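Colleague: Okay, handing you the structure first.
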Amino acid sequence: MVTKIIQGASSTDEQLVEECKDKTNCDCDPTITWTNPEKGTSTTPPENTAAIIVDVRTSKGVIRIFQKSDSEYLGAIGTEQAGNLVIVPWRSGWYISAAGSLPVGYVAKREV
0 MVTKIIQGAS STDEQLVEEC KDKTNCDCDP TITWTNPEKG TSTTPPENTA AIIVDVRTSK
60 GVIRIFQKSD SEYLGAIGTE QAGNLVIVPW RSGWYISAAG SLPVGYVAKR EV
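The sequence shown begins at 0 in numbering that gives the first Met the number 0 and counts up one residue at a time.
This is the structure we're talking about:
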């Protein structure tokens, strides 16, 4: 699982989308859909997700990433990245599970 950590609290959604474009090499929709995943529930981002952004700047918790096919644990974003925004290029065969309350942004691939 490849991640990119964006340090600092001043990144705008526009800057984050640009980072996602660079990280995923795809044309991304300029709007980020922010959500707070329900704790302990498997959440699958929309099918057209290019990347997720986990906001660990002020909230506490962890977002764990798993493989859908066999529930294999792939990695997590949480206290080790405290104070930062973390971009994870997304694959359609994954899902997330939240512990605590961390905002997650979905960056969609632009429709052709």
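Where a beta carbon is used, it is the ideal one built from N, C-alpha and C, also for glycine.
Because the structure is a prediction, the values reported are computed rather than measured.
1. Hey, how far is the Cα of GLU17 from the Cα of ASP26?
2. Going along the chain, which residues of its own chain have a beta-carbon closer than 8 Å to the beta-carbon of LYS67, five neighbours each way excluded?
3. Going by C-alpha distance, which of THR34, GLU71, THR23 and LYS20 is nearest VAL103?
4. Please name the residue, chosen from GLU110, TRP89 and ASP69, that lies closest to ILE52 on a Cα-to-Cα basis.
5. If I'm right that ILE76 touches VAL55 with Cβ under 8 Å, what's the distance once you round it to whole angstroms?
6. State buried or exposed for PRO36, treating a residue as buried only when at least 16 other CB atoms are found within 10 Å of its CB.
7. Indicate the three-state DSSP secondary structure (helix, strand or coil) for THR30 in the structure shown.
8. For THR2, does the three-state DSSP call read helix, strand or coil?
9. For TYR105, does the count of other Cβ atoms within 10 angstroms reach 16, so buried, or fall short, so exposed?
10. Identify the continuous alpha helix (DSSP H) that holds LEU15 and give its terminal residues.
11. What's the gap between the Cα of THR78 and the Cα of THR57?
Modeller: According to the structure data:
1. Taken atom to atom, the span from the alpha-carbon of GLU17 to that of ASP26 is near 9 Å.
2. Counting only Cβ-Cβ distances below 8 Å, and skipping sequence neighbours, we find THR43, GLY92, TRP93 and TYR94.
3. That would be THR34, whose Cα lies nearest to the Cα of VAL103.
4. That would be TRP89, whose Cα lies nearest to the Cα of ILE52.
5. For a cut-off of 8 Å, the C-beta gap from ILE76 to VAL55 is around 6 Å, short enough to register as a contact.
6. Classification for PRO36: buried.
7. Strand at THR30.
8. The answer is coil: DSSP assigns THR2 none of H, G, I, E or B.
9. By the beta-carbon neighbour count (other beta carbons within 10 angstroms, threshold 16), TYR105 is buried.
10. Residues 12-23.
11. Rounded to whole angstroms, THR78 to THR57 spans 10 Å at the Cα level.
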